[in-house]
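Asks: Number 37 in the working numbering belongs to position 24 of the sequence shown; there are no gaps in the numbering. Yeah, the Cβ is synthetic: ideal placement off N, Cα and C, and Gly gets one too.
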Amino acid sequence: MASSRLAATPLIANVAVEEQVRDSTHGFLVMNDSAMNDLAMNDVVLRAESLSKCYVDGGVRAVDGIELAVRAGEFVNIMGSSGSGKTTLLYLLAGLERPSDGSVWVDQSRIDQLNAKELARLRRQSIGFVFQSMNLLPHLSLRENILVAGYLTARPRSEVQLTADRLLQEMGIAEAAHRLPAEVSIGQQQRAAIARALVNSPRMVFADEPTGSLNSSASAGVLDLLEAVNRAGTTVVMVTHDLKAACRGQRVLFIRDGQVEGQFDFEREHCAGVDDREKRLCDWLFLKGW
Numbered sequence: 014m015a016s017s018r019l020a021a022t023p024l025i026a027n028v029a030v031e032e033q034v035r036d037s038t039h040g041f042l043v044m045n046d047s048a049m050n051d052l053a054m055n056d057v058v059l060r061a062e063s064l065s066k067c068y069v070d071g072g073v074r075a076v077d078g079i080e081l082a083v084r085a086g087e088f089v090n091i092m093g094s095s096g097s098g099k100t101t102l103l104y105l106l107a108g109l110e111r112p113s114d115g116s117v118w119v120d121q122s123r124i125d126q127l128n129a130k131e132l133a134r135l136r137r138q139s140i141g142f143v144f145q146s147m148n149l150l151p152h153l154s155l156r157e158n159i160l161v162a163g164y165l166t167a168r169p170r171s172e173v174q175l176t177a178d179r180l181l182q183e184m185g186i187a188e189a190a191h192r193l194p195a196e197v198s199i200g201q202q203q204r205a206a207i208a209r210a211l212v213n214s215p216r217m218v219f220a221d222e223p224t225g226s227l228n229s230s231a232s233a234g235v236l237d238l239l240e241a242v243n244r245a246g247t248t249v250v251m252v253t254h255d256l257k258a259a260c261r262g263q264r265v266l267f268i269r270d271g272q273v274e275g276q277f278d279f280e281r282e283h284c285a286g287v288d289d290r291e292k293r294l295c296d297w298l299f300l301k302g303w
């Protein structure tokens, strides 16, 4: 592949986990109980303090004084009506936008105070992002779109290529690896976008309505992949408007007018199964005016 075809794109990361077993459905490495304990699930890996984002000279507060913390290995969903600020919040947490006030911490790094070069390095080393619109480079094949993210790091190219090929297999799109995005389905494009976000084994993955443009079958497949990624130890924070998608995580944050109005924790609510999760979350969201 000619290097001139590859253009830079943001994303990525690094996590090492011992004592892993392989998920029989998707092939991802899944931690057993011992490894999960070693990960220390109560460790906060992402937090926001008094986080705000203003537009139009301060006239519009898309995010308004949000406080939150996310533990290592969590799957957290963010819900809210259109214009509530949920996508802006996700971009702030991932370092894709700068806050007007407050702070964002990834592990021990306050990312809102990093310069552009430091922030880009952090995103390459610690963060994967899945965009709603995929943002695949149209002149590159699916495989090349994945490779370009890996080539931004110092890893040997041969290692990046092996990882990309493994991800293509695990995502079920190996047969489309050398096709351009326009030559495959929307669902295949989104799977390639997830693979791109995972090529450097991110510690955290942020996903902005990854099923928003997919049919029910493709949506379920993408959500299954994100769940498998989470079981492998990766922290996932996802914005979604879909009730079924929101039931995949451990808890749901509800955003209204740029503020966290409440959270629903499936474990604390002792939800008994998928149907119970959907019913009880729906009831809770109804009370919130969703």
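#1: Under the assumption that VAL250 contacts LEU105 (Cβ atoms under 8 Å), give the Cβ distance between them as a whole number of angstroms.
#2: Three-state secondary structure (DSSP) at SER226?
#3: Given a threshold of 16 other Cβ atoms within 10 Å of its Cβ, counted over all protein chains shown, does PRO194 qualify as buried or as exposed?
#4: Whole angstroms are fine: how far does the CA of ARG204 sit from the CA of LEU236?
#5: Can you check the segment 81-143 for any alpha helix (DSSP H) of at least 4 residues that lies completely inside it and give the ranges in chain order?
#6: Pick from ALA259, GLN263, LEU256 and LEU227: whose alpha carbon is nearest that of ARG244?
#7: Restricting to runs no shorter than 4 residues, where is the alpha helix (DSSP H) found entirely within the segment 236-284?
#8: Could you round the C-beta distance between ASP221 and VAL252 to whole angstroms and report it? I think they count as a contact, below 8 Å.
#9: I'd like the list of long-range same chain contacts for GLY163, defined as Cβ closer than 7 Å, with 5 residues on each side in sequence excluded.
#10: When the distance is taken between beta carbons, is ARG216 closer than 8 Å to THR247?
#11: In terms of alpha-carbon separation, which member of ALA133, PHE142, ASP288 and ALA82 lies closest to LEU239?
#12: Looking at ARG192: is its Cβ nearer than 8 Å to the Cβ of LEU155?
#13: Have a look at ARG281, VAL218 and GLY98 and flag the residue whose alpha-carbon is nearest the alpha-carbon of ARG137.
Replies: The structure says:
#1: The Cβ separation is near 11 Å, so there is no contact.
#2: coil
#3: buried
#4: Distance between the alpha carbons of LEU236 and ARG204 is about 10 Å.
#5: 99-106 and 129-139
#6: GLN263
#7: 256-259
#8: 5 Å
#9: VAL173, THR176, ALA177, VAL212 and ASN213
#10: yes
#11: Here the closest residue by C-alpha is PHE142.
#12: yes
#13: Cα-wise, what sits closest to ARG137 is VAL218.
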